[in-house]
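First the structure, in the form of structure tokens, and then the observations on it.
Listed below in structure tokens is the structure:
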């Protein structure tokens, strides 16, 4: 069960670079695509930049509806993640086909994915680099995390069908929230 | 020892979201800062987007020289990474203080870090979002990787002094280079 998560801590979910599942909704049709090309851009309000290729079915929906959800899966879902990447929303109803459970979001129309341990409701706030790079700037407006998942085994894409699975955690005292030294 | 690495495969190094060490050089003074806010934007030529805060010492150098090197450390260097993040290049000569060894790059003036397993020489190609988000678009013009490091134990920042260390690798056959489904 997911509960609300502080927006100011969203960077802690995305900075490690997990593969995410981006959900969108248009004309009653929900879609889901895996994505690894994303970065944090601001702590608060949390801004996330991402590349969604104009050859992807989700591109037009994101550009038109200006809403999406970033869902973070763990290694249990890796086969579904790959299957979502190897099919197109133009042909396949992915939620149904791959057994994913949509849940109504609070502030956007795109659905949360129940099976993912975290979900971030997002609105597009800047499309200045969309034409040149397919690059969207999103603002996270609502965040949900399963509080029982302290060390989620996120997956990290290395290309060519290879994934790194999140390993051990180490803790080093640091006076700064950000790594950003100087 | 690092050897040249194909530019078209640079995404395989950065997509998993490792903490990187950004090096810059101005007026004979080299600096190094850790960074987790980066993403791939294009396969070839490889484009990388990153946020370098205007409160960081490296910001002015990057904006002026339009050159840097993205170096990828492994867990052996984690204490140095944190130390680089908790000091400023305005006060500290970080290469010397933290025992890092600079090596002359091929196509840019900023140095490679010997102790990192991979180094990517970069030139700034787009500063349109710098004023608003401190967001730079870089082109990787030369890549170097230690070919003996097949499963590098990269580190992945989770905030508040917490790091995830790259764990096991799994391989799933995929017809696509990109995850980017649709």
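Residue numbers (my numbering), protein chains in the order written: chain A, 1 to 182; chain B, 1001 to 1182.
Positions of the beta carbon are idealized from the N, C-alpha and C atoms, including for glycine.
The model shown is predicted, which means the values in this text are computed figures rather than measured ones.
In this structure, residue 72 of chain A lies away from residue 1163 of chain B, with their beta-carbon atoms at least 8 Å apart. Those residues of the stretch 1128-1142 of chain B placed with their C-beta closer than 9 Å to a C-beta in chain A are 1128, 1129, 1132, 1133, 1134, 1135 and 1137, ordered along the chain. Look at the stretch 1027-1042 of chain B: the residues with a C-beta under 9 Å from a C-beta of chain A are 1031, 1032, 1033, 1034, 1035, 1036, 1037, 1038, 1039, 1040, 1041 and 1042.
Spatial neighbours of residue 85 of chain A in its own chain (CB-CB distance under 8 Å, excluding positions within 5 residues in sequence) are listed in chain order as 33 and 34. Under a criterion of Cβ atoms nearer than 8 Å, no residue of chain A is adjacent to residue 1024 of chain B; the nearest Cβ is some 11 Å distant. When the beta-carbon positions are compared, residue 136 of chain A and residue 10 of chain A stay at least 8 Å from each other. Taking C-beta separations shorter than 8 Å and ignoring five residues to either side along the sequence, the partners of residue 1138 of chain B in its chain run 1047, 1048, 1049, 1050, 1068, 1070, 1122, 1123, 1124 and 1125, following chain order. Using a CB distance below 8 Å, no part of the stretch 1106-1125 of chain B faces chain A.
At a cut-off of 8 Å between beta-carbon atoms, residue 1077 of chain B makes no contact with chain A. Using a CB distance cut-off of 8 Å, residue 15 of chain A counts as an interface residue toward chain B. Looking at the backbone, the Cα of residue 1102 of chain B and that of residue 94 of chain A are separated by about 49 Å. Comparing C-alpha distances from residue 1066 of chain B to each of B:1154, B:1110 and B:1151 shows the shortest one belongs to B:1110. Excluding sequence positions up to five before and after residue 107 of chain A, its CB lies within less than 7 Å of the CB of 121, 141 and 142, all in the same chain and listed in chain order. In the same chain as residue 80 of chain A, and ignoring 5 residues on each side of it, the C-beta atoms closer than 6 Å to its own belong to 98, in chain order. Chain B places no beta carbon closer than 8 Å to that of residue 67 of chain A, leaving this residue out of the contacts.
Contact of residue 100 of chain A with chain B is not assigned, every C-beta pair being separated by 8 Å or more. At a cut-off of 8 Å between beta-carbon atoms, residue 82 of chain A makes contact with chain B. Exclusion of the five residues before and after residue 1149 of chain B leaves 1117 as the residues of its chain whose Cβ lies within less than 6 Å of its Cβ.
Counting only Cβ-Cβ distances below 8 Å, residue 97 of chain A has no contacts in chain B at all, with the closest Cβ about 12 Å away. Along the stretch 110-173 of chain A, the beta strand (DSSP E) occurs as fully enclosed runs of 3 or more residues at 118-126, 135-145, 155-159 and 162-171, listed in sequence order. The C-beta distance from residue 15 of chain A to residue 1036 of chain B rounds to 5 Å, short enough to meet the 8 Å contact threshold.
At a cut-off of 8 Å between C-beta atoms, residue 1 of chain A does not count as an interface residue with respect to chain B.
According to DSSP, residue 104 of chain A shares a beta bridge with no other residue.
For the set A:7, A:39 and A:6, the Cα lying nearest the Cα of residue 20 of chain A is the one of A:39. Pairing residue 31 of chain A with residue 134 of chain A gives a Cβ-Cβ distance that is not under 8 Å. Residue 1155 of chain B sits away from residue 1104 of chain B, with the two beta carbons spaced by 8 Å or more. Ranked by how close their Cα comes to the Cα of residue 4 of chain A, the residues A:44, A:166 and A:147 have A:147 in first place. Taking the beta carbon of residue 1045 of chain B as reference, no residue of chain A falls within 8 Å; the closest one sits roughly 12 Å away.
Under the Cβ distance rule, residue 1165 of chain B counts among the residues neighbouring chain A, one pair being separated by less than 8 Å.
Rounded to the nearest whole angstrom, the CA to CA distance from residue 151 of chain A to residue 1022 of chain B is 28 Å. In this structure, residue 62 of chain A lies away from residue 87 of chain A, with their beta-carbon atoms at least 8 Å apart.
If you check the CB distance, residue 44 of chain A and residue 7 of chain A come in under 8 Å. Against chain B, the CB of residue 169 of chain A has a partner CB under 8 Å away; the residue lies at that interface.
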